[in-house]
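So the protein lines, in turn, are chains E and R. Counting from 26, one number per residue, gives the positions in the first sequence under my numbering. Counting from 50, one number per residue, gives the positions in the second sequence under my numbering. First comes the structure, then the notes that go with it.
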Amino acid sequence: MKKFTKFGALALAAALSVSVVAATTPASAATCATKTKVTMLGTIKVEIQDQFLAAVKDYNASQSCYTVTSIPGDAKLTFLQNVTPLYAAKNAPTIMYALQEIPDMADKVMDWKGTKLASLVSPSLLAAATVGTKLVGVPSTAEAFGLLYNKKVLDKAGVDPTKINTRSSLEVALRKVKAAGAGGVRFSSIWWSLGAHFTNIYFANAGATHEDRLKVLDGLSDGTKALSKDPVFQNYLATFALLNKYNQAKPNTTDTEYDLSVADLASGKAAFWFMGNWAEPNLLTASPSTDFGIMPLPISQDPNFAGNKSISVGVPGYFMIDNTQSTAAERAGAMDFLEWLYTTPAGQQHVAGPIADGGMNFIPVYKGFTVSPKTYMAKEISKYVVAGKTLEWINTYYPAGGQDLYGASGQKLMAGKITGDQYATELQNAWKGSVKTWRGVKK
Amino acid sequence: MHHGNQLKKFLLFALIPLSIFTVVLLYPFIQGMYLTFTNWNGFTHDKYVGLANYTKSLRDPAFWVTLRFTFKYVVVSVITINAVAFGLALLVTSKLKSSNIFRTFLFIPNLIGGVILGVIWQFIFNTALVSLSHKLGWSLFSSSWLGDTNTAFWALIIVTTWQASGYMMIIYVTGLISIEQDVIEAARVDGASAARTLWSIKMPLMAQAFTISIFLTLRGGFMAYDVNLALTGGGPYRTTELIAMHIFQDAFAFGNFGTGQSKAVLLFFLVAAAALVQVTISKRAEVQQ
């Protein structure tokens, strides 16, 4: 997912087409006299919007009780920008999809506890959607980020990604690929990549347990955490410097960076790219015959350090169902649609099927999936997940907008406008006094 | 009786516009003011917080940084837009055969919405100029102007000027052609040069056009949002955020609806004060024939 905090979801034309409902109803489905209209704000994300809307269309044709309609928002705006006017107009969508806004929505949406979908997900993936004792949402998929690589380039340079387990061995690998003619690593100066994903490499390694990691966030809010004194942060800064040194391109803060990076990794101009598996479809479109893998970004010199062996895996967004302005029938319809999507073979085909076949290429997070992803990177991620070599997405708990500030500081550090110490100070100041939404405190 | 008639007439013409004004402007405005004194979170509010939102807003260093940047943008864009617009107005009111076509073409940028305009110019700055300069060996555009704070500022100015000057040009054209020809004739008979005529005759007689144009550009500068969003998006490093974007971000990206709304109220008073001062000064320069 390219911009998982942005309201990455919407398009007018496609959404309008969804309301067209097929006239025939399969004999097996329950019959209803009238169809209840269930609205969803946007879709899951803009990159796979057509695929999602195709699933909606299939669902609407598969039964006679509900019509799910995606109401388009403005993709340039954030989730809150889109949703607050709808609530104010007493016209709230029934289904909503968001991540960092979960604390903002917690008192307005349904509790998923005890539902069929909630029972099919591993509890660790529900942690980020639990506010107090309430289960606010259920996940769409799991995504992962780390160092993406072009397998052809690494093979040619004689680099085995599974052998890279310290910062120095990463540097050795970078020298090798450069000697073999490729350009090293693409370190993109994209605010959301630096602000949410790269900083997660520090926050996920900053504590041994979930609670320890949240304590780091507490410390930043209280103004008691000195990042520069934290050895993990020093290692993190050294990794930042290493990627910057071997950055294959000049820092580019404009909107062209994502597409240029895709092109360079796909063509082998770059051997590595710090990004996530949402880029795999883009990469495969640019170079269909190449395998693109994912590996951990090692941040310390200790080969046994867990963070050096793990990739960041998390949920990019949760489905929420409004509980304040919707009817019971609308809520039932919303639930029915999501259950259809994740538990029936037809729905699963839409969820996990390859992009080329009209699927969303999602990594399944619900038990009982009969369809599994086929691409190289998706299979690699499954291996990390099965082996438990995953880092938590602490960025899910960042205060709303916090990653924007982190992203700006990261861009400055990359461009050499500030030093590592100044960067640490900027990160500390960014959140000082933030409401501890990660503790369930309301704004 | 006479009085009643007047009222009836007034209501007949003004009732609909007045009620629309009340519903879509006055009511939201007062509601917005009211919300700044509450703990509004974008959805609901349940207690009064006095001036807390305002003190918090004024203590926010980013607010001041953005405000300074906005002032710079307003001052420079008011000068460039009006200079270019007035120059163009002189050009298209001169005795050129094709002046009507020029008027139309120069006005067109104004008809392009800010967001589309931003996308077009983003392409020009990010891609077109950069690849041209690599081919031709220019150093000026070797990296995107949108990637650096200073050049991104000038990119904003260029696009704003390009967009707004066509509209202002029309106002200046109206001003120029409303000057009675016999006054200009008289000046010429008295032996005044073209420059002298412009400075001493034309400009004082069309000072109203300056008042209007400067007011519109001043207000437009403080309120600028769409070009900012579409062209730089506030980047790089959030250093090109204008005040309107800062307010929008504060409320909707950071979820700080209280401070976002109170900054918007502060901006309203700021713009009102600036406009009042400007109009008062400009009015003094206007002459009556």
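Where a beta carbon is used, it is the ideal one built from N, C-alpha and C, also for glycine.
- The DSSP assignment places complete beta strand (DSSP E) segments of no fewer than 3 residues inside the stretch 309 to 389 of chain E at 317 to 320, 336 to 339, 343 to 346, in order along the chain.
- Put simply, the CB of E/Tyr112 is near chain R, with a gap under 9 Å to one of its CB atoms.
- Exposure of R/Gln230 is indicated by the presence of fewer than 16 other C-beta atoms within 10 angstroms of its C-beta.
- The stretch 111 to 124 of chain R makes contact with the stretch 294 to 312 of chain R, as at least three CB pairs between them are under 8 Å.
- Between the alpha carbons of R/Phe264 and R/Leu319 lies a gap of roughly 14 Å.
- Distance from E/Leu151 to E/Ala143 at the Cβ level is roughly 7 Å; contact confirmed, criterion being Cβ atoms closer than 8 Å.
- Distance from the Cα of E/Glu417 is smallest, within the candidate group E/Pro118, E/Thr103, E/Ala153, E/Gly67, for E/Ala153.
- Under DSSP, E/Lys62 takes part in a beta bridge, and its partners are E/Thr92.
- Leaving aside the five residues that flank E/Tyr261 on each side, the residues in its chain whose CB is nearer than 8 Å to its CB run, in chain order, Ile226, Tyr227, Asn230, Ile324.
- Boundaries for E/Trp137: no alpha helix (DSSP H) harbours it, and the DSSP string shows neither H nor E there.
- Boundaries cannot be given for E/Leu145, as no beta strand (DSSP E) includes it and DSSP labels it neither H nor E.
- Along the stretch 157 to 232 of chain E, the beta strand (DSSP E) occurs as fully enclosed runs of 3 or more residues at 168 to 175, listed in sequence order.
- In the DSSP annotation of this structure, the continuous segment of the alpha helix (DSSP H) that includes E/Trp456 starts and ends at 445 to 456.
- Close to chain R, meaning a Cβ-Cβ distance shorter than 9 Å, are the following residues of the stretch 191 to 219 of chain E: Ser214, Trp216.
- Residues of the same chain with a CB within less than 6 Å of the CB of R/Val141, apart from the 5 flanking positions on each side, are Ser148, Phe151, Arg152 in chain order.
- Boundaries of the alpha helix (DSSP H) harbouring R/Met294: 292 to 297, taken from the DSSP string.
- Using a CB distance cut-off of 9 Å, E/Thr119 does not count as an interface residue toward chain R.
- Taking C-beta separations shorter than 6 Å and ignoring five residues to either side along the sequence, the partners of R/Ser262 in its chain run Asn131, Met217, Ile220, following chain order.
- DSSP, reduced to helix, strand and coil, places R/Ile228 outside both helices and strands of the structure shown, so it counts as coil.
- The beta carbon of R/Gln298 sits closer than 9 Å to some beta carbon of chain E.
- With respect to the 9 Å criterion, R/Gly215 and R/Asn159 are classified as neighbours on the basis of their beta carbons.
- Beta-bridge partners assigned by DSSP to E/Leu416: E/Ser337.
- Residue-level contact check: E/Leu105 touches chain R, since one or more beta carbons of chain R fall below 9 Å from its beta carbon.
- The bridge partners DSSP lists for E/Ala80 come to none.
- Contact annotation: in the stretch 233 to 266 of chain E, no residue has its CB less than 7 Å from a CB in chain R.
- Linking R/Tyr103 to E/Leu366 through their CA atoms gives a straight-line distance of about 47 Å.
- Contacts with chain E (Cβ-Cβ distance below 8 Å) from the stretch 191 to 211 of chain R involve Ser192, Ser193, Leu195, Gly196, listed in chain order.
- Per the coordinates, the alpha-carbon of R/Asp275 lies some 42 Å from the alpha-carbon of E/Lys176.
- Against chain R, the beta carbon of E/Asn277 has neighbours under 9 Å at Asn175, Ser192, Ser193, Gly196, listed in chain order.
- Among the residues facing chain E, R/Gly304 is included, as its CB has a counterpart in that chain under 9 Å away.
- With a threshold of 9 Å between beta carbons, E/Gly162 makes no contact with chain R.
- Per DSSP, R/Trp113 is not a residue of any beta strand (DSSP E); the alpha helix (DSSP H) it occupies stretches across 110 to 142.
- Residue state for R/Thr209 is assigned as helix, using DSSP reduced to three classes.
- The secondary-structure analysis by DSSP pairs E/Phe297 across a beta bridge with E/Tyr174, E/Val210.
- Contact between the stretch 123 to 135 of chain E and the stretch 337 to 348 of chain E is present: three or more C-beta pairs spanning the two stretches fall below 8 Å.
- Distance check between R/Phe92 and each of E/Tyr91, E/Ala113, E/Gln88, E/Ser87 places E/Ala113 closest, using alpha-carbon atoms only.
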